[in-house]
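Here is the structure we will look at, set down as structure tokens.
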Amino acid sequence: MPNKLAIIFSDIKIQHTVFALPFAVMSAFLAAGGLPATEKLVWIVVCMLGARSAAMAFNRIIDARFDKENPRTQSRALPAGKIGVGSYWVFLIASSALFVGSAWMLNSLAFYLSPLALAIVFFYSLTKRFTAFSHFWLGLAISIAPVGAWVAIREEISFTSLLLGAAVIFWLIGFDILYACMDVEFDRESGLKSIPQRFGVEQALRLSFASHAVMVVFLLVLWEPTVLLGWVYLTGVILVAGLLIYEHSLVKKDDLSKVNMAFFNVNGIISIGLMTVVIVDCVWV
0 MPNKLAIIFS DIKIQHTVFA LPFAVMSAFL AAGGLPATEK LVWIVVCMLG ARSAAMAFNR
60 IIDARFDKEN PRTQSRALPA GKIGVGSYWV FLIASSALFV GSAWMLNSLA FYLSPLALAI
120 VFFYSLTKRF TAFSHFWLGL AISIAPVGAW VAIREEISFT SLLLGAAVIF WLIGFDILYA
180 CMDVEFDRES GLKSIPQRFG VEQALRLSFA SHAVMVVFLL VLWEPTVLLG WVYLTGVILV
240 AGLLIYEHSL VKKDDLSKVN MAFFNVNGII SIGLMTVVIV DCVWV
């Protein structure tokens, strides 16, 4: 069992929780008006781990036949035969139960909304089969993190949490379009849909940049209605804008060799950096 778990955790890249988790944490600090209760933060983190693990397991299970045909994904656990689909289903059910149970530990509203949250994160994995705008659905799935964290602290959905959620949606749309550029030919051959597959890589890169510009706008709008955010946050947003420009400078329509650097490194810095400036503004400034 430990060996199977290690294979699954490696396959779903558990470390990539870093993309969404910081947005949940910063939302929790904003909702609490400072430092949230430690117990709340712990259950929020557990919720995030459970939800993302369940979503990734579902994705790996239903995409296994496509992953087997795609040279980029043939080494994943299921198509490579490293683990059986039954083990993945057990992991999926356990992760879902962990998420729902953790939501119950937070409050009633979080618990009641948890099945809807799971439905949204599972649904994303199906969208490439019928819409080129699957990137939006991924953004919506990840935007649950800040909205859910606000629910965890205040047991309500607020305008502030929706603003942060909107920023996350357009952030994800932007960098998921970049990532999808690597699979444009395979998607065309397999009947899968994406922005690059539908509009071509050059136009996709423009749409990705536009999405990231909208993200920055939402982050700036978020600064206005929140009394907790000041000059540290604003400085952070300016730096994020610079990082996004750098990210797009790495990816060219005729050279996608640096997509992974743009996707993983830069966006990891963005999420952790934004979390840091929000915490500093909420607690120390």
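Counting from 0, one number per residue, gives the positions in the sequence shown under numbering that gives the first Met the number 0. Quick reminder that beta carbons are idealized off the backbone N, C-alpha and C, glycines included.
Under 9 Å between C-beta atoms of residue i and residue j
i: A56; j: F90; result: yes
i: V167; j: M214; result: yes
i: I7; j: Y123; result: no
i: S210; j: G173; result: yes
i: H134; j: S193; result: yes
i: F198; j: L206; result: yes
i: K252; j: E201; result: yes
i: V276; j: V236; result: yes
i: R59; j: R75; result: yes
i: V239; j: G272; result: yes
i: V17; j: S270; result: yes
Collapsed DSSP secondary structure at residue i in the structure displayed
i: D280; result: helix
i: K39; result: helix
i: D62; result: coil
i: K3; result: helix
i: K67; result: helix
i: D254; result: strand
i: F132; result: coil
i: N264; result: helix
i: E154; result: coil
i: G32; result: coil
i: I194; result: helix
i: S74; result: coil
i: L105; result: helix
i: I271; result: helix
i: I92; result: helix
i: A54; result: helix
i: E218; result: Reading off the sequence shown, one finds Leu at residue 218, where the question assumed Glu. Helix at L218.
Classification of residue i by the beta-carbon crowding that lies within 10 angstroms, buried from 16 upward
i: N259; result: exposed
i: L34; result: exposed
i: Q196; result: buried
i: S248; result: exposed
i: A30; result: buried
i: A151; result: buried
i: Y178; result: buried
i: I92; result: exposed
Contacting residues, own chain, Cβ-Cβ under 7 Å from residue i (five flanking each side not counted)
i: D280; result: L227, L228, G229, V231, Y232
i: L163; result: F22, S26, P145, L221
i: V98; result: Per the sequence presented here, residue 98 reads as Phe, with Val not at that position. Here the set comprises C46, G49, A50, A53, S113, L117.
i: D62; result: S124
i: A295; result: Outside the modelled stretch of the chain, which goes from 0 to 284, sits residue 295, for which no answer is possible.
Chain-order list of residues whose beta-carbon lies under 6 Å from that of residue i (same chain, five-residue window excluded)
i: T72; result: D66
i: V290; result: The structure shown does not extend to residue 290, since the chain spans only 0 to 284, so no value can be given for it.
i: L255; result: C180, M181
i: K81; result: I6
i: L171; result: L137, G138, I141
i: I143; result: A116
i: G241; result: none
Rounded straight-line distance, which links the Cα of residue j to that of residue i
i: E154; j: G147; result: 9 Å
i: K3; j: A19; result: 25 Å
i: L137; j: W283; result: 33 Å
i: P78; j: S9; result: 14 Å
i: P100; j: N69; result: Before going further, note that residue 100 is Gly rather than Pro in the sequence given. Each residue's alpha carbon lies about 36 Å from the other.
i: L243; j: L108; result: 35 Å
i: I156; j: W149; result: 7 Å
i: G83; j: F169; result: 35 Å
i: S95; j: W42; result: 14 Å
i: A257; j: F208; result: According to the sequence shown, residue 257 is Lys rather than Ala. Rounded to the nearest angstrom, the two C-alpha atoms are 16 Å apart.
i: L115; j: A102; result: 12 Å
i: A165; j: D186; result: 27 Å
i: I278; j: G85; result: 41 Å
i: F129; j: I119; result: 16 Å
i: K12; j: T234; result: 31 Å
Closer than 8 Å: residue i CB and nearest the ligand PLP heavy atom
i: D62; result: Ligands in the displayed structure: none, and consequently the ligand PLP is not present.
Other residues of its chain near residue i: CB distance less than 8 Å, five sequence neighbours each side excluded
i: G32; result: L227, C281
i: F132; result: T126, I194
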